[in-house]
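What follows is a set of notes on a single structure, which appears directly below.
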């Protein structure tokens, strides 16, 4: 990462949930690269907790309203990080961009394609970098596989088929939250943008695109809408997806899996000559051009995907993503999770929702 005389100064919008367990580590581990100078959240306890946690590194000014922080301290910020509930992403990211601030937005960047198009247009108008928080792209194993597929394409060959699955007991997750007894936003499509697909499967929908280099072009989906989900938020979804190269895959997602096992987010890629999976640990296999010699041959030769620390700026994917964003701001380069690069992922989710509402009718994925 390019070193500045001083670290890149951040405004944080949203001090609860994921930021405490993920992105905040970047400010603790790399204070010479990134520095949090202001934290915004309606909860006094949440924003004060962040300020206290980082007090040994430097003072963090706190605000209830990000608009107030931008009005009073704009010249003290170099970039912004938005980690609020989904329905706030567009408005708060737009405020930052209109103030000329580059912004990293936790997934999903927006709830709808209309919002995403408008945010991309604002980013271009104000020349402010906008990035979607697709942190799985910064997993060291995903980065190694991306390089392997690019440098030795003959080992895997053409992607032929794939599957992705995710399941979670969302009510158990909500039970860990301080506001667990409220009308929780993630269960409501009007606020979350949807249900299990936009909140959980978004990660590996994007991962398939990242590894394969192909966008989705058509989907067909059916779902269930069980309580406590409401306003059209799906509790589960099963789908058929087609990539631009003709590969066809399946997706299954469930947010009301009462009991489960780990890993609870998995994918498998089957290529002309190889196989990639994270179902029993991240592994890959290739025929190496050899012909089968017996029935058991197909099950031999699986290799663990390396964790190569040289491939990212940190071995924690949340931290690596924030540092890569900071580097892109400093060097004026385009990171791999630029907002426009995220368009097909959100467009696919919107197409899945359209298909579910049409009882499984095939739907073409929108173009930018």
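In the numbering used here, the protein residues as written are 14 to 381. Glycine is no exception: its CB is placed at the ideal position from the N, C-alpha and C atoms.
Let's see if you can read the secondary structure: which residues bound the alpha helix (DSSP H) around residue i?
| i | result |
| --- | --- |
| residue 228 | Per DSSP, residue 228 belongs to no alpha helix (DSSP H) and is neither H nor E. |
| residue 40 | 37-42 |
| residue 57 | 57-66 |
| residue 109 | 99-111 |
| residue 330 | 330-344 |
| residue 366 | 356-370 |
| residue 158 | 153-164 |
| residue 289 | Note, residue 289: premise wrong, no alpha helix (DSSP H); beta strand (DSSP E) at 287-290. |
Find the nearest neighbour of residue i within the set the options, judged by alpha-carbon distance.
| i | options | result |
| --- | --- | --- |
| residue 246 | 200, 226, 227 and 220 | 200 |
| residue 206 | 120, 298 and 67 | 120 |
| residue 340 | 117, 99 and 172 | 117 |
| residue 104 | 254, 186 and 78 | 78 |
| residue 356 | 244, 153 and 124 | 124 |
| residue 374 | 234, 342 and 260 | 234 |
| residue 133 | 372, 353 and 366 | 353 |
| residue 333 | 35, 30 and 27 | 35 |
| residue 8 | 365, 351 and 29 | Since the first residue of the chain shown is 14 and the last is 381, residue 8 is not available in this structure. |
If I measure Cβ to Cβ from residue i and keep anything under 7 Å in the same chain, skipping five residues before and after, which residues do I get?
| i | result |
| --- | --- |
| residue 337 | 151, 326 and 348 |
| residue 298 | 287, 288, 314, 315 and 316 |
Looking only at DSSP bridge pairs, what is residue i linked to?
| i | result |
| --- | --- |
| residue 280 | 177 |
| residue 48 | 22 |
| residue 380 | Answer is none; residue 380 lacks a bridge partner. |
| residue 234 | 252 |
| residue 265 | 178 and 251 |
| residue 317 | 296 |
| residue 93 | 24 and 116 |
| residue 145 | 118 |
| residue 243 | 201 |
In terms of residues, what are the limits of the beta strand (DSSP E) holding residue i?
| i | result |
| --- | --- |
| residue 139 | Not the beta strand (DSSP E): residue 139 falls in the alpha helix (DSSP H), residues 126-139. |
So is residue i buried or exposed if we call it buried at 16+ other beta carbons inside 10 Å?
| i | result |
| --- | --- |
| residue 310 | exposed |
| residue 111 | exposed |
| residue 222 | buried |
| residue 202 | buried |
| residue 275 | exposed |
| residue 19 | exposed |
| residue 344 | exposed |
| residue 178 | buried |
In chain order, what residues of the same chain have a beta carbon less than 8 Å from the beta carbon of residue i, not counting five sequence neighbours either side?
| i | result |
| --- | --- |
| residue 156 | 150, 321, 324 and 325 |
| residue 40 | 23, 47, 48, 49, 67 and 70 |
| residue 224 | 155, 158, 159, 162, 282 and 289 |
Answer yes or no: the CB of residue i versus the heavy atoms of the ligand ZN, is any distance below 8 Å?
| i | result |
| --- | --- |
| residue 43 | Summarising the ligand content, the structure contains no ligands, and the ligand ZN is consequently not present. |
Cutting at 6 Å between CB atoms, please list the residues of its own chain near residue i, excluding the five before and the five after it.
| i | result |
| --- | --- |
| residue 16 | At residue 16, the pLDDT of 49 sits below 50, so the modelled position is not reliable and the matter cannot be decided from this model. |
| residue 227 | 256, 257 and 258 |
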